[in-house]
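Reading through the C-alpha coordinates given below for one structure.
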Amino acid sequence: MRLKKGGYDGCDIPLYGGHLLENFISPLANTRTDEYGGSLDNRLRLPRQVLRAVREAVGRDFIIGLRHSGDHYVEGGLSREELLEIARQLDAVGIADYWMVSGSNTETLKFEAMVTPSHYHPRGVFNDLAALTKSVVRVPVIVAGRVVTADQAEAALAAGVCDLVGMTRALIADPEMPKKVSEGRVDDVRVCVGAAEGCIGRLRQGKSITCVQNPAIGREAELMEIRPASRPRRVVVVGGGVAGLEAARVAALRGHQTILLEATSAVGGQVLAVARAPKREDYASIATWLVDQAKKAGAEIRLNTPASGADVLALKPDAVVLATGATQRVPDIQGVRLPHVATTVDVLTGRTAPGRRVVVVDEEGYFAAPTTADFLAERGAQVTIVCRYFMVGEDIDEGTRSDLYARLFARGVTLIPMTVAREILPQGVRTRHTFSNAEATLAADSVVLAFGGKANDPLSRELEGKVADLKVIGDAYSPRRVHDAILDGTRAARML
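So, in C-alpha coordinates, the structure goes:
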(Lines of atoms letter the chains of each structure in order from A and count residues from 1; the text may use other names and numbers.)
(Lines give C-alpha, C1' and ligand atoms only; values in the text may rest on other atoms or scores of the structure.)
Protein backbone atom coordinates (compact mmCIF):
# COMPACT_ATOMS: atom_id res chain seq x y z
CA MET A 1 0.00 0.00 0.00
CA ARG A 2 2.89 2.39 0.69
CA LEU A 3 4.15 1.85 -2.87
CA LYS A 4 0.71 2.52 -4.32
CA LYS A 5 0.24 5.65 -2.21
CA GLY A 6 3.70 6.75 -3.32
CA GLY A 7 2.64 6.66 -6.95
CA TYR A 8 4.25 3.41 -8.06
CA ASP A 9 2.53 1.29 -10.71
CA GLY A 10 3.38 -2.07 -9.18
CA CYS A 11 5.83 -4.22 -7.28
CA ASP A 12 7.62 -7.56 -7.25
CA ILE A 13 6.89 -10.14 -4.58
CA PRO A 14 10.14 -12.11 -4.18
CA LEU A 15 10.14 -15.90 -4.05
CA TYR A 16 13.86 -16.12 -4.68
CA GLY A 17 17.24 -15.17 -3.26
CA GLY A 18 16.68 -16.32 0.33
CA HIS A 19 13.67 -14.09 0.91
CA LEU A 20 10.99 -15.20 3.35
CA LEU A 21 8.51 -16.76 0.92
CA GLU A 22 11.23 -18.77 -0.81
CA ASN A 23 12.29 -20.12 2.56
CA PHE A 24 8.73 -21.33 3.08
CA ILE A 25 8.58 -23.18 -0.23
CA SER A 26 12.08 -24.66 0.04
CA PRO A 27 12.37 -28.03 1.85
CA LEU A 28 15.92 -27.09 2.83
CA ALA A 29 14.72 -24.11 4.84
CA ASN A 30 11.20 -25.11 5.83
CA THR A 31 11.23 -27.88 8.45
CA ARG A 32 7.90 -26.95 10.03
CA THR A 33 5.51 -29.71 11.04
CA ASP A 34 2.31 -27.63 11.06
CA GLU A 35 0.05 -26.62 8.18
CA TYR A 36 2.83 -24.43 6.71
CA GLY A 37 5.36 -27.26 6.34
CA GLY A 38 5.74 -30.72 4.90
CA SER A 39 3.82 -31.16 1.65
CA LEU A 40 4.17 -28.80 -1.29
CA ASP A 41 0.58 -27.67 -0.77
CA ASN A 42 1.40 -26.69 2.81
CA ARG A 43 4.65 -24.97 1.85
CA LEU A 44 2.73 -22.90 -0.71
CA ARG A 45 0.09 -21.88 1.83
CA LEU A 46 1.82 -18.66 2.95
CA PRO A 47 2.73 -17.48 -0.58
CA ARG A 48 -0.90 -17.94 -1.62
CA GLN A 49 -2.13 -16.06 1.44
CA VAL A 50 0.33 -13.22 0.81
CA LEU A 51 -0.67 -12.93 -2.85
CA ARG A 52 -4.37 -12.75 -2.02
CA ALA A 53 -3.82 -10.29 0.84
CA VAL A 54 -1.72 -7.97 -1.32
CA ARG A 55 -4.22 -8.02 -4.16
CA GLU A 56 -7.08 -7.29 -1.79
CA ALA A 57 -5.17 -4.36 -0.33
CA VAL A 58 -4.04 -2.71 -3.58
CA GLY A 59 -6.91 -3.57 -5.94
CA ARG A 60 -6.80 -4.58 -9.59
CA ASP A 61 -5.26 -1.33 -10.81
CA PHE A 62 -1.87 -2.12 -9.26
CA ILE A 63 0.58 -4.50 -10.96
CA ILE A 64 1.82 -7.47 -8.91
CA GLY A 65 4.71 -9.54 -10.16
CA LEU A 66 6.32 -12.68 -8.79
CA ARG A 67 10.07 -13.20 -9.00
CA HIS A 68 11.25 -16.71 -8.54
CA SER A 69 14.25 -18.93 -9.13
CA GLY A 70 13.88 -21.44 -11.91
CA ASP A 71 16.45 -23.82 -10.42
CA HIS A 72 18.13 -23.92 -7.01
CA TYR A 73 21.09 -25.89 -8.43
CA VAL A 74 21.79 -27.43 -5.01
CA GLU A 75 21.23 -30.95 -3.75
CA GLY A 76 18.17 -31.02 -1.52
CA GLY A 77 16.89 -27.75 -2.93
CA LEU A 78 14.10 -27.31 -5.41
CA SER A 79 14.70 -28.75 -8.87
CA ARG A 80 13.54 -27.28 -12.15
CA GLU A 81 10.62 -29.67 -12.26
CA GLU A 82 9.52 -28.78 -8.72
CA LEU A 83 9.84 -25.07 -9.37
CA LEU A 84 7.81 -25.40 -12.56
CA GLU A 85 5.06 -27.08 -10.57
CA ILE A 86 5.22 -24.24 -8.04
CA ALA A 87 4.89 -21.78 -10.93
CA ARG A 88 1.86 -23.63 -12.25
CA GLN A 89 0.13 -23.65 -8.89
CA LEU A 90 0.82 -20.01 -8.00
CA ASP A 91 -0.13 -18.90 -11.50
CA ALA A 92 -3.44 -20.69 -11.01
CA VAL A 93 -4.19 -18.42 -8.03
CA GLY A 94 -4.77 -15.74 -10.65
CA ILE A 95 -3.10 -12.88 -8.77
CA ALA A 96 0.28 -12.34 -10.44
CA ASP A 97 0.40 -10.12 -13.54
CA TYR A 98 3.85 -11.34 -14.59
CA TRP A 99 6.67 -13.67 -13.59
CA MET A 100 10.30 -12.60 -13.38
CA VAL A 101 12.72 -15.50 -13.59
CA SER A 102 16.28 -15.82 -12.35
CA GLY A 103 18.05 -18.71 -10.66
CA SER A 104 20.09 -20.20 -7.80
CA ASN A 105 19.63 -19.97 -4.02
CA THR A 106 21.32 -18.74 -0.85
CA GLU A 107 22.10 -22.05 0.86
CA THR A 108 25.85 -21.65 0.25
CA LEU A 109 28.11 -18.71 -0.60
CA LYS A 110 28.85 -20.29 -3.97
CA PHE A 111 25.21 -20.40 -5.00
CA GLU A 112 24.29 -17.10 -3.33
CA ALA A 113 26.79 -15.39 -5.61
CA MET A 114 24.86 -16.65 -8.62
CA VAL A 115 21.61 -14.97 -7.51
CA THR A 116 23.07 -11.73 -8.88
CA PRO A 117 25.56 -13.17 -11.36
CA SER A 118 28.87 -11.44 -12.01
CA HIS A 119 31.06 -11.65 -15.10
CA TYR A 120 32.07 -15.13 -13.96
CA HIS A 121 28.72 -16.29 -15.32
CA PRO A 122 27.73 -16.14 -18.99
CA ARG A 123 25.43 -13.52 -20.43
CA GLY A 124 21.83 -14.68 -20.40
CA VAL A 125 22.65 -17.27 -17.76
CA PHE A 126 18.98 -17.80 -16.82
CA ASN A 127 17.40 -17.69 -20.29
CA ASP A 128 16.69 -21.42 -20.29
CA LEU A 129 14.86 -21.14 -16.96
CA ALA A 130 12.71 -18.30 -18.23
CA ALA A 131 11.75 -20.31 -21.32
CA LEU A 132 10.66 -23.22 -19.14
CA THR A 133 8.58 -20.98 -16.90
CA LYS A 134 6.98 -19.33 -19.92
CA SER A 135 5.79 -22.74 -21.04
CA VAL A 136 3.67 -23.28 -17.88
CA VAL A 137 2.30 -19.85 -16.84
CA ARG A 138 -0.38 -17.76 -18.52
CA VAL A 139 1.03 -14.30 -17.82
CA PRO A 140 4.05 -12.51 -19.35
CA VAL A 141 7.51 -13.72 -18.31
CA ILE A 142 10.51 -11.48 -17.69
CA VAL A 143 14.04 -12.90 -17.74
CA ALA A 144 16.69 -11.33 -15.50
CA GLY A 145 20.38 -12.08 -15.10
CA ARG A 146 23.31 -10.79 -17.19
CA VAL A 147 21.21 -9.37 -20.02
CA VAL A 148 23.47 -6.45 -20.87
CA THR A 149 22.96 -5.41 -24.51
CA ALA A 150 19.99 -4.52 -26.67
CA ASP A 151 20.97 -7.16 -29.22
CA GLN A 152 21.04 -9.79 -26.51
CA ALA A 153 17.61 -8.72 -25.26
CA GLU A 154 16.15 -8.73 -28.78
CA ALA A 155 17.53 -12.21 -29.41
CA ALA A 156 15.87 -13.54 -26.25
CA LEU A 157 12.55 -12.03 -27.27
CA ALA A 158 12.82 -13.31 -30.84
CA ALA A 159 13.63 -16.81 -29.61
CA GLY A 160 10.51 -16.87 -27.43
CA VAL A 161 12.55 -17.12 -24.24
CA CYS A 162 10.51 -14.38 -22.59
CA ASP A 163 8.01 -11.58 -23.15
CA LEU A 164 10.04 -8.84 -21.46
CA VAL A 165 13.65 -8.41 -20.32
CA GLY A 166 14.99 -7.23 -16.97
CA MET A 167 18.21 -5.19 -17.35
CA THR A 168 18.81 -3.55 -13.98
CA ARG A 169 22.59 -3.43 -13.95
CA ALA A 170 22.73 -2.65 -17.67
CA LEU A 171 20.68 0.46 -16.93
CA ILE A 172 22.89 1.34 -13.98
CA ALA A 173 25.91 1.29 -16.30
CA ASP A 174 24.04 3.44 -18.83
CA PRO A 175 20.65 4.88 -17.81
CA GLU A 176 20.26 6.30 -21.32
CA MET A 177 20.59 2.94 -23.05
CA PRO A 178 16.94 2.74 -24.24
CA LYS A 179 17.10 6.27 -25.65
CA LYS A 180 20.41 5.64 -27.40
CA VAL A 181 19.19 2.37 -28.90
CA SER A 182 15.94 3.92 -30.12
CA GLU A 183 17.98 6.66 -31.82
CA GLY A 184 20.26 4.13 -33.50
CA ARG A 185 23.24 5.03 -31.31
CA VAL A 186 23.97 1.49 -30.13
CA ASP A 187 27.73 2.08 -30.20
CA ASP A 188 27.29 4.91 -27.69
CA VAL A 189 25.90 2.58 -25.03
CA ARG A 190 28.18 1.94 -22.07
CA VAL A 191 27.81 -1.83 -21.60
CA CYS A 192 27.74 -3.40 -18.13
CA VAL A 193 30.84 -5.58 -17.57
CA GLY A 194 29.35 -7.55 -14.67
CA ALA A 195 31.90 -6.32 -12.14
CA ALA A 196 29.29 -6.30 -9.34
CA GLU A 197 31.62 -4.08 -7.31
CA GLY A 198 29.95 -0.69 -7.62
CA CYS A 199 26.32 -1.85 -7.61
CA ILE A 200 25.40 -5.06 -5.79
CA GLY A 201 28.76 -5.17 -4.02
CA ARG A 202 28.18 -1.82 -2.35
CA LEU A 203 24.55 -2.68 -1.69
CA ARG A 204 25.65 -5.76 0.26
CA GLN A 205 27.78 -3.46 2.43
CA GLY A 206 24.85 -1.15 3.14
CA LYS A 207 26.29 1.61 0.94
CA SER A 208 24.72 3.61 -1.86
CA ILE A 209 25.29 2.10 -5.28
CA THR A 210 27.45 3.42 -8.07
CA CYS A 211 29.04 1.81 -11.13
CA VAL A 212 32.63 0.75 -11.74
CA GLN A 213 32.70 2.57 -15.08
CA ASN A 214 29.98 5.21 -14.61
CA PRO A 215 30.79 7.36 -11.56
CA ALA A 216 27.75 9.59 -12.19
CA ILE A 217 25.61 6.83 -10.69
CA GLY A 218 24.91 7.79 -7.09
CA ARG A 219 26.27 11.27 -7.81
CA GLU A 220 23.62 12.45 -10.24
CA ALA A 221 23.28 15.93 -8.75
CA GLU A 222 27.00 16.49 -9.25
CA LEU A 223 27.87 14.53 -12.38
CA MET A 224 24.90 13.52 -14.53
CA GLU A 225 24.86 16.69 -16.65
CA ILE A 226 27.98 17.71 -18.58
CA ARG A 227 27.74 21.48 -19.05
CA PRO A 228 29.51 23.42 -21.82
CA ALA A 229 32.55 25.38 -20.70
CA SER A 230 32.09 29.13 -20.34
CA ARG A 231 35.34 29.64 -22.24
CA PRO A 232 36.86 26.96 -24.50
CA ARG A 233 40.47 26.23 -23.65
CA ARG A 234 43.35 24.20 -25.04
CA VAL A 235 43.68 21.12 -22.84
CA VAL A 236 46.48 18.56 -22.89
CA VAL A 237 45.95 15.23 -21.16
CA VAL A 238 49.05 13.11 -20.56
CA GLY A 239 48.30 9.41 -20.20
CA GLY A 240 45.76 7.19 -21.91
CA GLY A 241 44.55 5.02 -19.08
CA VAL A 242 40.91 5.22 -18.04
CA ALA A 243 41.48 8.37 -15.96
CA GLY A 244 43.06 10.22 -18.87
CA LEU A 245 40.50 8.95 -21.36
CA GLU A 246 37.60 10.08 -19.20
CA ALA A 247 39.21 13.49 -18.68
CA ALA A 248 39.70 13.85 -22.45
CA ARG A 249 36.14 12.71 -23.20
CA VAL A 250 34.48 15.12 -20.79
CA ALA A 251 36.79 18.01 -21.64
CA ALA A 252 36.01 17.60 -25.34
CA LEU A 253 32.28 17.31 -24.66
CA ARG A 254 32.48 20.62 -22.81
CA GLY A 255 33.93 22.27 -25.88
CA HIS A 256 37.62 22.34 -25.01
CA GLN A 257 40.24 21.68 -27.69
CA THR A 258 41.61 18.47 -26.22
CA ILE A 259 44.77 16.51 -27.03
CA LEU A 260 45.64 13.25 -25.27
CA LEU A 261 49.22 12.00 -25.36
CA GLU A 262 49.83 8.28 -24.78
CA ALA A 263 53.37 6.94 -24.63
CA THR A 264 52.52 3.42 -25.81
CA SER A 265 50.80 2.01 -28.87
CA ALA A 266 47.44 1.44 -27.12
CA VAL A 267 45.19 3.30 -24.72
CA GLY A 268 43.53 1.67 -21.74
CA GLY A 269 46.36 1.41 -19.27
CA GLN A 270 46.12 -1.30 -16.66
CA VAL A 271 42.52 -2.14 -17.59
CA LEU A 272 44.04 -3.98 -20.57
CA ALA A 273 45.97 -6.21 -18.17
CA VAL A 274 42.86 -6.77 -16.06
CA ALA A 275 41.01 -7.93 -19.18
CA ARG A 276 43.57 -10.69 -19.79
CA ALA A 277 42.43 -12.65 -16.74
CA PRO A 278 39.87 -15.43 -17.28
CA LYS A 279 36.23 -14.28 -17.51
CA ARG A 280 37.24 -10.60 -17.25
CA GLU A 281 37.53 -9.94 -20.97
CA ASP A 282 34.66 -7.45 -20.91
CA TYR A 283 36.79 -5.02 -18.90
CA ALA A 284 38.54 -4.10 -22.15
CA SER A 285 35.25 -2.55 -23.30
CA ILE A 286 35.61 0.10 -20.59
CA ALA A 287 38.65 1.51 -22.37
CA THR A 288 37.17 0.92 -25.82
CA TRP A 289 34.04 2.90 -24.97
CA LEU A 290 36.03 5.75 -23.44
CA VAL A 291 38.38 6.17 -26.39
CA ASP A 292 35.55 5.92 -28.94
CA GLN A 293 33.50 8.51 -27.07
CA ALA A 294 36.49 10.81 -26.60
CA LYS A 295 37.15 10.76 -30.34
CA LYS A 296 33.48 11.35 -31.14
CA ALA A 297 33.53 14.33 -28.82
CA GLY A 298 36.45 15.78 -30.77
CA ALA A 299 39.45 14.82 -28.63
CA GLU A 300 42.67 14.09 -30.51
CA ILE A 301 44.41 10.88 -29.37
CA ARG A 302 48.13 10.67 -30.11
CA LEU A 303 49.66 7.23 -29.57
CA ASN A 304 53.37 6.38 -29.28
CA THR A 305 53.94 9.88 -27.95
CA PRO A 306 56.04 9.99 -24.77
CA ALA A 307 55.81 13.46 -23.29
CA SER A 308 58.38 15.46 -21.37
CA GLY A 309 57.54 18.73 -19.72
CA ALA A 310 58.99 20.55 -22.71
CA ASP A 311 56.83 18.48 -25.07
CA VAL A 312 53.71 19.43 -23.15
CA LEU A 313 54.60 23.12 -23.02
CA ALA A 314 55.32 23.12 -26.75
CA LEU A 315 51.61 22.47 -27.30
CA LYS A 316 50.84 25.79 -25.57
CA PRO A 317 48.15 24.40 -23.27
CA ASP A 318 45.83 26.47 -21.10
CA ALA A 319 45.36 23.44 -18.87
CA VAL A 320 47.22 20.16 -18.35
CA VAL A 321 45.82 16.98 -16.84
CA LEU A 322 48.43 14.44 -15.79
CA ALA A 323 47.12 10.89 -15.82
CA THR A 324 50.42 9.05 -16.06
CA GLY A 325 49.25 6.10 -13.98
CA ALA A 326 51.28 3.94 -11.65
CA THR A 327 54.17 1.54 -11.76
CA GLN A 328 54.03 -1.79 -9.97
CA ARG A 329 55.25 -1.49 -6.38
CA VAL A 330 58.21 -3.74 -5.62
CA PRO A 331 58.63 -4.52 -1.92
CA ASP A 332 61.81 -4.42 0.08
CA ILE A 333 62.09 -8.18 0.51
CA GLN A 334 65.37 -10.04 0.31
CA GLY A 335 65.59 -11.80 -3.06
CA VAL A 336 63.01 -9.62 -4.79
CA ARG A 337 65.44 -8.87 -7.64
CA LEU A 338 66.02 -12.52 -8.50
CA PRO A 339 65.29 -13.35 -12.16
CA HIS A 340 62.31 -15.62 -11.44
CA VAL A 341 60.37 -12.79 -9.72
CA ALA A 342 57.69 -10.87 -11.66
CA THR A 343 54.57 -8.79 -11.05
CA THR A 344 50.97 -9.68 -11.81
CA VAL A 345 50.98 -7.17 -14.69
CA ASP A 346 54.09 -8.83 -16.13
CA VAL A 347 52.28 -12.15 -16.11
CA LEU A 348 48.93 -10.99 -17.49
CA THR A 349 50.50 -8.98 -20.31
CA GLY A 350 52.82 -11.80 -21.31
CA ARG A 351 56.07 -10.03 -20.44
CA THR A 352 57.10 -13.09 -18.45
CA ALA A 353 56.26 -16.78 -18.57
CA PRO A 354 56.28 -18.28 -15.05
CA GLY A 355 57.34 -21.85 -14.36
CA ARG A 356 55.23 -24.81 -13.29
CA ARG A 357 55.21 -24.06 -9.54
CA VAL A 358 54.21 -20.50 -8.76
CA VAL A 359 53.82 -18.61 -5.49
CA VAL A 360 51.78 -15.41 -5.74
CA VAL A 361 52.50 -13.00 -2.88
CA ASP A 362 49.48 -10.80 -2.16
CA GLU A 363 49.78 -7.52 -0.27
CA GLU A 364 46.94 -5.79 -2.12
CA GLY A 365 43.89 -7.79 -0.98
CA TYR A 366 41.95 -7.18 -4.18
CA PHE A 367 41.70 -8.81 -7.61
CA ALA A 368 45.33 -8.83 -8.78
CA ALA A 369 46.55 -11.92 -6.93
CA PRO A 370 43.55 -14.27 -7.27
CA THR A 371 42.82 -13.40 -10.90
CA THR A 372 46.47 -13.86 -11.86
CA ALA A 373 46.45 -17.18 -10.00
CA ASP A 374 43.34 -18.12 -12.00
CA PHE A 375 45.15 -17.13 -15.20
CA LEU A 376 48.17 -19.30 -14.32
CA ALA A 377 46.17 -22.27 -13.04
CA GLU A 378 44.12 -22.29 -16.23
CA ARG A 379 47.40 -22.76 -18.08
CA GLY A 380 48.45 -25.72 -15.96
CA ALA A 381 50.58 -24.08 -13.25
CA GLN A 382 50.54 -25.30 -9.65
CA VAL A 383 49.72 -22.09 -7.79
CA THR A 384 49.84 -21.00 -4.16
CA ILE A 385 48.68 -17.57 -2.95
CA VAL A 386 50.31 -16.18 0.19
CA CYS A 387 48.28 -13.30 1.60
CA ARG A 388 48.80 -11.13 4.68
CA TYR A 389 45.05 -10.51 5.16
CA PHE A 390 42.42 -12.67 6.83
CA MET A 391 41.41 -13.97 3.41
CA VAL A 392 42.58 -13.78 -0.19
CA GLY A 393 40.63 -11.06 -1.99
CA GLU A 394 39.46 -9.53 1.26
CA ASP A 395 38.40 -6.29 -0.45
CA ILE A 396 36.45 -8.04 -3.22
CA ASP A 397 32.66 -8.13 -2.99
CA GLU A 398 31.65 -11.37 -1.27
CA GLY A 399 29.61 -12.56 -4.24
CA THR A 400 32.34 -12.07 -6.82
CA ARG A 401 34.89 -13.45 -4.37
CA SER A 402 32.79 -16.60 -4.06
CA ASP A 403 32.71 -17.00 -7.85
CA LEU A 404 36.47 -16.54 -7.98
CA TYR A 405 37.11 -18.94 -5.10
CA ALA A 406 35.05 -21.59 -6.89
CA ARG A 407 37.35 -21.27 -9.89
CA LEU A 408 40.54 -21.29 -7.80
CA PHE A 409 39.62 -24.36 -5.75
CA ALA A 410 38.44 -26.20 -8.86
CA ARG A 411 41.92 -25.68 -10.32
CA GLY A 412 43.76 -26.76 -7.19
CA VAL A 413 45.05 -23.33 -6.16
CA THR A 414 46.21 -23.25 -2.54
CA LEU A 415 45.26 -20.19 -0.45
CA ILE A 416 47.40 -19.31 2.57
CA PRO A 417 46.01 -16.23 4.36
CA MET A 418 47.44 -14.36 7.38
CA THR A 419 50.93 -15.03 6.07
CA VAL A 420 53.71 -12.75 4.79
CA ALA A 421 56.71 -13.40 2.59
CA ARG A 422 59.96 -12.89 4.51
CA GLU A 423 62.44 -13.85 1.82
CA ILE A 424 62.43 -14.95 -1.80
CA LEU A 425 64.81 -17.81 -2.45
CA PRO A 426 66.18 -19.12 -5.75
CA GLN A 427 63.74 -22.03 -5.54
CA GLY A 428 61.00 -20.85 -3.21
CA VAL A 429 59.63 -18.38 -0.69
CA ARG A 430 60.19 -18.27 3.05
CA THR A 431 57.01 -17.23 4.85
CA ARG A 432 55.89 -16.30 8.36
CA HIS A 433 52.41 -16.58 9.84
CA THR A 434 51.11 -13.20 10.99
CA PHE A 435 49.93 -14.39 14.41
CA SER A 436 51.83 -17.55 15.33
CA ASN A 437 55.13 -16.44 13.74
CA ALA A 438 55.52 -19.98 12.43
CA GLU A 439 57.85 -20.07 9.44
CA ALA A 440 57.68 -22.26 6.35
CA THR A 441 59.36 -22.56 2.98
CA LEU A 442 57.23 -22.96 -0.15
CA ALA A 443 58.84 -24.44 -3.24
CA ALA A 444 58.50 -22.28 -6.35
CA ASP A 445 59.94 -21.99 -9.82
CA SER A 446 58.48 -18.48 -10.09
CA VAL A 447 57.29 -15.81 -7.65
CA VAL A 448 54.63 -13.29 -8.66
CA LEU A 449 54.12 -10.07 -6.69
CA ALA A 450 50.75 -8.40 -6.11
CA PHE A 451 51.73 -5.32 -4.11
CA GLY A 452 49.60 -2.72 -5.83
CA GLY A 453 50.89 0.36 -7.56
CA LYS A 454 53.19 3.28 -6.92
CA ALA A 455 52.16 6.69 -8.25
CA ASN A 456 54.00 7.59 -11.45
CA ASP A 457 54.09 11.38 -11.71
CA PRO A 458 57.27 12.53 -13.44
CA LEU A 459 55.86 15.81 -14.79
CA SER A 460 53.97 17.77 -12.14
CA ARG A 461 57.04 19.38 -10.54
CA GLU A 462 58.46 20.24 -13.93
CA LEU A 463 55.20 21.87 -15.05
CA GLU A 464 54.18 23.51 -11.79
CA GLY A 465 53.97 27.27 -12.24
CA LYS A 466 54.37 26.99 -16.01
CA VAL A 467 50.74 26.26 -16.92
CA ALA A 468 47.71 28.12 -15.63
CA ASP A 469 45.80 25.00 -14.63
CA LEU A 470 47.55 21.76 -13.67
CA LYS A 471 45.81 18.66 -12.33
CA VAL A 472 47.10 15.22 -11.35
CA ILE A 473 44.51 12.45 -11.44
CA GLY A 474 44.00 8.71 -11.26
CA ASP A 475 46.82 6.44 -10.16
CA ALA A 476 49.32 9.22 -10.83
CA TYR A 477 47.74 10.98 -7.86
CA SER A 478 47.13 7.86 -5.77
CA PRO A 479 46.92 4.24 -6.97
CA ARG A 480 43.36 3.02 -6.46
CA ARG A 481 40.75 1.26 -8.58
CA VAL A 482 39.09 1.66 -11.96
CA HIS A 483 36.09 3.51 -10.54
CA ASP A 484 38.29 5.99 -8.66
CA ALA A 485 40.38 6.70 -11.74
CA ILE A 486 37.34 7.42 -13.92
CA LEU A 487 35.80 9.54 -11.15
CA ASP A 488 39.01 11.58 -10.94
CA GLY A 489 38.98 12.06 -14.70
CA THR A 490 35.40 13.31 -14.94
CA ARG A 491 35.77 15.64 -11.97
CA ALA A 492 38.99 17.14 -13.26
CA ALA A 493 37.49 17.82 -16.70
CA ARG A 494 34.41 19.45 -15.22
CA MET A 495 36.61 21.91 -13.33
CA LEU A 496 38.44 23.16 -16.44
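Per my numbering, the very first residue in the sequence shown carries number 5; after that it's consecutive.
Think of the CB as a built atom: it goes at the ideal place given N, C-alpha and C, for glycine as much as any other residue.
Nothing here was measured: the structure is a model prediction, and the numbers come from that model.
- Look at the beta carbons and you see the stretch 10 to 29 touching the stretch 70 to 79: at least three pairs across the two are nearer than 8 Å.
- Shown here for L294: same chain residues with a beta carbon closer than 7 Å to its own, the five before and five after excluded, namely V246, L249, E250, R253 in chain order.
- Per DSSP, the unbroken alpha helix (DSSP H) holding Q156 starts and ends at 154 to 162.
- With a threshold of 16 other beta carbon atoms within 10 Å, P310 falls short and is exposed.
- It is roughly 12 Å from the alpha-carbon of S186 to the alpha-carbon of D192.
- Annotation: L168 is outside any alpha helix (DSSP H); the continuous beta strand (DSSP E) that includes it extends over 168 to 170.
- Under the 8 Å Cβ criterion, the stretch 311 to 329 does not count as touching the stretch 284 to 302, having fewer than three qualifying pairs.
- Around the Cβ of N218, a 10 Å sphere holds 16 or more other Cβ atoms; the residue is buried.
- With fewer than 16 neighbouring CB atoms inside 10 Å of its own CB, M5 falls in the exposed class.
- Taking the CA atoms as reference points, A163 sits about 20 Å from G107.
- Between K458 and R333, the C-beta gap is smaller than 8 Å, which places the two residues in contact.
- Residue burial annotation: N109 is buried, with at least 16 other C-beta atoms found within 10 angstroms of its C-beta.
- For R71, the uninterrupted beta strand (DSSP E) segment begins and ends at 67 to 73.
- Each residue's CA atom was taken as its position, placing L463 and R258 some 25 Å apart.
- Of the candidates E111, R64, A267, E111 places its Cα closest to the Cα of S406.
- Under the three-state reduction of DSSP output, S312 falls in the coil class, being neither helix nor strand.
- CA-to-CA, the gap between T214 and I146 works out to about 25 Å.
- By the C-beta criterion, the stretch 203 to 214 is judged not to be in contact with the stretch 259 to 269, since fewer than 3 inter-stretch pairs fall below 8 Å.
- For K475, the pairing in a beta bridge is given by DSSP as V325.
- Every unbroken stretch of the beta strand (DSSP E) spanning 3 or more residues and falling wholly within the stretch 339 to 395 is given here in chain order: 345 to 347, 361 to 366, 386 to 391.
- For H487, no beta strand (DSSP E) run applies; the uninterrupted alpha helix (DSSP H) run containing it begins and ends at 486 to 498, by DSSP.
- Excluding residues up to 5 positions away in sequence, A277, R280, A281, T376, F379 lie with their Cβ nearer than 7 Å to the Cβ of L352 in the same chain.
- Annotation for Q297: the continuous alpha helix (DSSP H) segment containing it runs 288 to 301.
- Shortest Cα-Cα distance from V239 to any of I490, L474, D479 involves L474.
- Counting the other CB atoms within 10 Å of its CB gives A372 a total of 16 or more, which places it among the buried residues.
- Taking the Cα of F115 as reference, the smallest distance to any Cα among G98, G128, H76, Y124 is reached at H76.
- Segment contact: the stretch 80 to 96 against the stretch 43 to 53, three or more CB-CB distances shorter than 8 Å; contact assigned.
- In this structure, G369 and E398 form a Cβ contact; the two beta carbons are roughly 4 Å apart against a cut-off of 8 Å.
- For A148, the pairing in a beta bridge is given by DSSP as G170.
- M104 sits in a strand when the DSSP states are folded into three classes.
- Cβ contact annotation for T494 (same chain, cutoff 7 Å, sequence separation greater than five): P219, L227, E250, V254, in chain order.
- Note that the stretch 328 to 345 touches the stretch 425 to 444; at least 3 beta-carbon pairs, one per stretch, sit closer than 8 Å.
- Cα atoms of D492 and R237: separation of roughly 19 Å, rounded to the nearest angstrom.
- In this structure, DSSP gives T110 a state outside helix and strand, which the three-state scheme calls coil.
- Residue range 261 to 265 is occupied by the beta strand (DSSP E) that includes Q261, with no alpha helix (DSSP H) assigned at that position.
- Rounded to whole angstroms, G170 and S83 show a C-alpha spacing of 23 Å.
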